[in-house]
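Here the UniProt record's numbering is used: position 133 in the sequence shown is 133, and no number is missing along the way. These notes concern the structure reproduced below.
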Amino acid sequence: MAIAAEKDLTQQQKNDLLAQQGELAVNEQAIAGNIQAEKNRQAQQQLVAARKASEERAAKATREAAAQAKSKVVTRTETTAAATTTQEEAPAVSIPSIPSISAGSQTGMFIKPAAGILTSGFSDRTNPVTGQHESHKGQDIAAGGSVPIYAAAGGTVVFSGFGAPGSGYGGYGYVVEIDHGNGYQTLYGHMKAGSLQVVAGQSVSQGQGIGIMGSTGQSTGQHLHFEIHKNGVPVDPSPYI
């Protein structure tokens with residue numbers, strides 16, 4: 001009996017051992033699965049972190065590029081403004097008021113806006129500054145000294161200031177444009193910096209002083225560039241003065 005019991009116990013131990021081995025195998029598989037899942041989780045986290053870091057680097061590069069571009073624009077604007085102030089703007093000086101004049105013996109619709117000689121008329125010509133052949137859309141009246149410029153007719157000032165490029169008055173330097181109604185406008189270019197005596201929106205009368213002859217903008221010497229526009233189109237001033 002003892003021998004049989006010992007044999008049975010030995011068989012039971014074998015069965016227990018097999019059962020334990022099976023449990024160990026299951027546990028090992030579970031552990032292996034958990035390890036793989038953790039590896040996958042960590043890999044996913046690393047991928048997300050790498051993607052986030054890449055996006056942050058790209059965003060930072062974009063911000064830096066935008067800031068650099070903005071800095072260049074500001075610098076360029078400040079440089080341009082400084083150059084304009086240095087080359088074109090007048091010093092803060094007091095310009096005496098220009099007394100008005102009457103039409104006198106002139107019988108045209110407009111009066112001659114300044115004393116001087118006609119140096120260039122309304123015609124096609126070679127631009128003395130650019131060297132290009134183009135239409136000269138008005139008259140050039142030249143004189144030396146401090147020469148007053150007068151409104152050729154009564155009206156409302158449309159523009160008074162420096163004709164910056166792209167403003168519609170580029171090349172005219174310090175310029176005044178007056179609307180006289182009935183489709184007529186006059187333009188007075190290359191005036192002396194700091195001499196303008198009217199502002200946009202102001203009403204002026206015929207013969208009222210508006211500035212002093214100068215040589216600002218695209219100019220080779222002191223003169224007044226005078227234009228008359230009819231319905232927005234430049235016309236020869238001669239028949240009107």
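Note that CB positions come from ideal geometry on N, CA and C, so glycine has one too.
Among Gly155, Ser135, Tyr184 and Phe226, nearest to Val175 - alpha-carbon criterion: Residue Phe226 holds the alpha-carbon nearest to the alpha-carbon of Val175 among Gly155, Ser135, Tyr184 and Phe226.
Out of curiosity, what's the CA-to-CA distance linking Gly209 and Glu134? About 31 Å.
Take the Cβ of Gln13 as the centre, count every other Cβ of all protein chains shown within 10 Å, and call the residue buried at 16 or more, exposed below. Exposed.
Cβ-based burial, Gln87 [other Cβ within 10 Å; buried from 16]: Model confidence at Gln87 stands at a pLDDT of 38, short of 50, so the residue's coordinates are unreliable and nothing is read from them.
Along the beta strand (DSSP E) that carries Ala142, what are the first and last residues, could you check? Looking at the DSSP string, the run of the beta strand (DSSP E) that includes Ala142 is Gln139 to Ala142.
Alpha-carbon to alpha-carbon, Ile117 and Met109: The straight-line gap from Cα to Cα measures roughly 20 Å.
My output table needs one value for Gln185: the three-state DSSP class, helix, strand or coil. The DSSP-derived three-state label of Gln185 is strand.
Grab me the residues of Ser100's own chain with a C-beta within less than 8 Å of its C-beta, minus the 5 sequence neighbours each way, in chain order. These residues qualify, in order along the chain: Tyr150, Ser205, Gly207, Gln208 and Gly209.
Pick from Val147, Tyr240, Val198 and Pro165 that is closest to His223, judged by C-alpha positions: Checked all of Val147, Tyr240, Val198 and Pro165; the closest Cα to His223 is Val147.
In this structure, does DSSP put Lys230 in helix, strand or coil? Three-state DSSP puts Lys230 in a strand.
Length of the line joining the Cα atoms of Phe162 and Val235: The alpha-carbon of Phe162 is positioned some 23 Å away from that of Val235.
So, at 8 Å on beta carbons, what are the nonlocal neighbours of Gln197 in its own chain, with the 5 sequence-adjacent residues on each side left out? Closer than 8 Å at the Cβ level, and outside the excluded window around Gln197, lie Ile95, Ser97, Ile98, Gly209, Ile210 and Gly211.
If you reduce the DSSP assignment to three classes, tell me which class Pro237 lands in. Pro237 falls in the coil class under three-state DSSP.
In terms of residues, what are the limits of the beta strand (DSSP E) holding Ile117? Start and end: Ile117 to Ser120.
Looking at Phe159: is its Cβ nearer than 9 Å to the Cβ of Lys137? Not in contact: Phe159 and Lys137 (Cβ atoms no closer than 9 Å).
Element boundaries [beta strand (DSSP E), containing Pro148]: Per DSSP, Pro148 belongs to the beta strand (DSSP E) from Pro148 to Tyr150.
Identified DSSP bridge partners for Phe159: Answer by DSSP bridge pairing, in chain order: Glu177.
To the nearest angstrom, how far is the alpha carbon of Gly189 from that of Tyr172? About 5 Å.
Quick one: using the 10 Å Cβ neighbour count with 16 as the cut-off for buried, is residue 253 buried or exposed? One cannot answer for residue 253 here, as it falls past the ends of the chain, which runs 1 to 241.
Have a look at Gln29 and Thr62 and give me their C-alpha separation to the nearest angstrom. Each residue's alpha carbon lies about 49 Å from the other.
Let me know if Thr186 comes out buried or exposed under the rule of 16 or more other beta-carbons within 10 Å of its beta-carbon. Buried, since its Cβ has 16 or more Cβ neighbours within 10 Å.
Residue interval of the beta strand (DSSP E) (run including Gly211): Run containing Gly211: Gly209 to Ile212, per the beta strand (DSSP E) assignment.
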